[in-house]
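A.B. asks:
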Amino acid sequence: MNIKFLSKLNVKGKAASGIYTVIIYVLLINLAFIFLYPFIFMLVTSFKSYNDLMDVTVKWYPKEFTPSNWVTAIKALNFKTTFFNSLFVTTVSTLGHIVSCSFIAYGFARYKFPLKKVLFAAVLLTIIVPIQTVIVPQYILYSNLGWIGSYNALIIPTFLGSGLKGGLFIFLFRQFFIQLSPSLEEAAAIDGSNPYMTYLRIILPSSAPVLLVCFVLSFVWHWNDFFEPSLYITDAKQFLLPQALPQMYELLQALEISISENELKMKEIFNEAVVMAGTGIAVAPLMVMYLAVQNKFVESIDKTGLVE
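Residue numbers (my numbering): 162 to 469.
Rendered as structure tokens:
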């Protein structure tokens, strides 16, 4: 009797486990589709011809496969210039955040000084307060410093622990440093190492997980940022990729043909497919970077304590 009862429980348990697994997979597939749909739509649309775009029956598979949209998008974006502009600003700004935010966070994590809690609360406040609320005084300050019209407004603040999401990186570094055992630092102090050398030779080499997380996040946010570059960079020769995307039409019009002379021809050259190709070009470097570091990135998030 007991054996039959236990076997029935075992069968019911397996059935419940199977149902639970199916539900989880269905939810994950739907969630994956929500995230992947924009990318799939972008990729498919970027290869559509003008006739495909006008044909309502063409949804997911182009009748006329048109890779020339990507060539047109590269021209419209002035890709060589805007790509290297973005790469320069993003890389230098990211390094600025890594250097300054880790150094500031080490001070908050290891040392006692007056108004420490108040200052750290101010750092946290920069995470909460949107940049739009302080952009006017910030613009006036940068204007007085002569930074408008140059990359200084985007790069220099990152070396001061400010800039795009600087407060968040200070917080992440601090949380990681608090978890580190101070025994190595104490041993270094006994050996005569000063705090700066301890930070450079012991703390930073031990902080690979949080360094990778902050590097990837800072790189992605700087690469995608449109708001601040659009305010401070006014010369088309200095445009970053996100700035060039909304102006593809005007740039292509200047390159290819006057719309006043031949509107139909311009519509055939520049359309939604070209916009999607341009968007694909803009996000491609980020996709390559993520694929290269995804395993290490996920491991680092866990070690950093970004998620519990």
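Every residue, glycine too, gets a C-beta built ideally from N, C-alpha and C.
Just so we're clear, the structure is a prediction, and the values are computed from it rather than from any experiment.
#1: Do L333 and G324 count as a contact pair if the criterion is CB distance below 9 Å?
#2: How is L197 classed by DSSP in three states: helix, strand or coil?
#3: Using three-state DSSP, classify E422 as helix, strand or coil.
#4: Would you be able to state if there are at least three C-beta pairs under 8 Å between the stretch 275-292 and the stretch 223-240?
#5: Under the three-state reduction of DSSP, which class applies to L167: helix, strand or coil?
#6: Following the continuous alpha helix (DSSP H) through G268, name the residue where it begins and the one where it ends.
#7: Taking its Cβ as the centre, do 16 or more other Cβ atoms sit within 10 Å of I301, making it buried, or is it exposed?
#8: Would you give the residue range spanned by the alpha helix (DSSP H) that N281 belongs to?
#9: Tell me the DSSP secondary structure of W384 in three-state form.
#10: Would you identify the three-state DSSP class for V435, choosing helix, strand or coil?
#11: Quick check on K278: buried or exposed, where buried means 16 or more other Cβ atoms within 10 Å of its Cβ?
#12: Work out the CA separation of L373 and L402 for me, nearest whole Å.
#13: Which residue from K457, Y272 and L197 puts its Cα closest to that of R335?
#14: By Cβ distance, which residues of its chain are closer than 6 Å to V449, with the 5 residues on each side in sequence left out?
#15: Determine whether the beta carbon atoms of G307 and N313 lie at a separation below 9 Å.
#16: Among the candidates G310, G268 and D386, whose CA atom is the shortest distance from the CA of M447?
#17: Compute the distance between the beta-carbons of G257 and I317, then report whether it is under 9 Å.
#18: Considering just the uninterrupted stretch of the alpha helix (DSSP H) at E347, what are its terminal residues?
#19: Determine the closest residue to Q340 out of V371, F320, N305 and G310, with distance taken between C-alpha atoms.
#20: Taking the straight line between their C-alpha atoms, what separation do you get for L189 and G179?
#21: Would L214 and N456 qualify as a contact pair, given that the criterion is a beta-carbon distance under 9 Å?
#22: Are the beta-carbon atoms of S379 and I292 separated by less than 9 Å?
#23: When burial is assigned at 16 or more other CB atoms within 10 Å of the CB, is M358 buried or exposed?
C.D. replies: Working from what's here:
#1: Translated into the one-based positions of the sequence shown, residue 324 becomes position 163. Translated into the one-based positions of the sequence shown, residue 333 becomes position 172. Inclusion of G324 and L333 in the CB contact set at 9 Å is not warranted, their separation being larger than that value.
#2: Counting from one through the sequence shown, the residue named residue 197 turns up at place 36. Residue state, collapsed to three classes: helix.
#3: By one-based count along the sequence shown, residue 422 stands at place 261. Residue placement at E422 cannot be trusted, given a pLDDT of 48 that sits under 50; what the coordinates show is reported in the next sentence. E422: coil per DSSP, three-state reduction.
#4: No, the stretch 223-240 does not touch the stretch 275-292.
#5: Here residue 167 refers to the residue found at position 6 of the sequence shown. Interpretation of L167 is limited by its pLDDT of 49, a score under 50 that renders its predicted location unreliable; the figure taken from the coordinates is listed afterwards. L167 falls in the helix class under three-state DSSP.
#6: Reading the sequence shown from its first residue, position 107 is the one you call residue 268. Annotation for G268: the continuous alpha helix (DSSP H) segment containing it runs F240 to R271.
#7: Numbered from its first residue, the sequence shown carries residue 301 at position 140. Exposed, because fewer than 16 other Cβ atoms sit within 10 Å of the Cβ of I301.
#8: Walking along the sequence shown from the start, residue 281 turns up at place 120. In the sequence as presented, Asn is not what sits at residue 281; that position holds Phe. Counted as a single uninterrupted DSSP element, the alpha helix (DSSP H) harbouring F281 occupies residues K277 to I289.
#9: The residue labelled residue 384 in the question sits at position 223 within the sequence shown. The DSSP-derived three-state label of W384 is helix.
#10: The sequence position of residue 435 within the sequence shown is 274, counting from 1. Here V435 sits in helix by DSSP.
#11: By 1-based counting over the sequence shown, the position of residue 278 is 117. Here K278 is exposed. Its C-beta has fewer than 16 other C-beta atoms within 10 Å.
#12: Within the sequence shown, residue 402 is the residue found at index 241, counting from 1. Within the sequence shown, residue 373 is the residue found at index 212, counting from 1. Taking the straight line from one Cα to the other gives about 24 Å.
#13: On the sequence shown, position 174 is the one that residue 335 refers to. When only C-alpha atoms are compared, the closest one is Y272.
#14: Mapped onto the sequence shown, residue 449 falls at position 288. Here the set comprises nothing.
#15: Taking the sequence shown and counting its residues from 1, one reaches residue 307 at position 146. Taking the sequence shown and counting its residues from 1, one reaches residue 313 at position 152. Note that the C-beta distance between G307 and N313 is below 9 Å.
#16: Counted from its first residue, the sequence shown places residue 447 at position 286. Note that residue 447 is Leu in the sequence shown, not Met. Checking every option, the nearest Cα to that of L447 belongs to D386.
#17: Within the sequence shown, residue 257 is the residue found at index 96, counting from 1. Within the sequence shown, residue 317 is the residue found at index 156, counting from 1. Yes. Within cutoff.
#18: The residue you call residue 347 lines up with position 186 of the sequence shown. Segment S344 to I351, the alpha helix (DSSP H) holding E347.
#19: Looking up residue 340 in the sequence shown gives position 179. Minimum Cα-Cα distance from Q340 among the listed residues V371, F320, N305 and G310 corresponds to V371.
#20: Here residue 189 refers to the residue found at position 28 of the sequence shown. Here residue 179 refers to the residue found at position 18 of the sequence shown. Across the structure, L189 and G179 are spaced so that their CA atoms are roughly 15 Å apart.
#21: Within the sequence shown, the letter at position 53 stands for residue 214. Within the sequence shown, the letter at position 295 stands for residue 456. In this structure, L214 sits away from N456, with a CB-CB distance that is not shorter than 9 Å.
#22: Sequence index remark: in the sequence shown, residue 379 carries index 218 (1-based). Sequence index remark: in the sequence shown, residue 292 carries index 131 (1-based). It is not a contact, given that the beta carbons lie outside the stated cut-off.
#23: As a first step, residue 358 is located in the sequence shown; it is residue number 197 there, counting from the start. The residue in question, M358, is exposed, as its Cβ has fewer than 16 Cβ neighbours within 10 Å.
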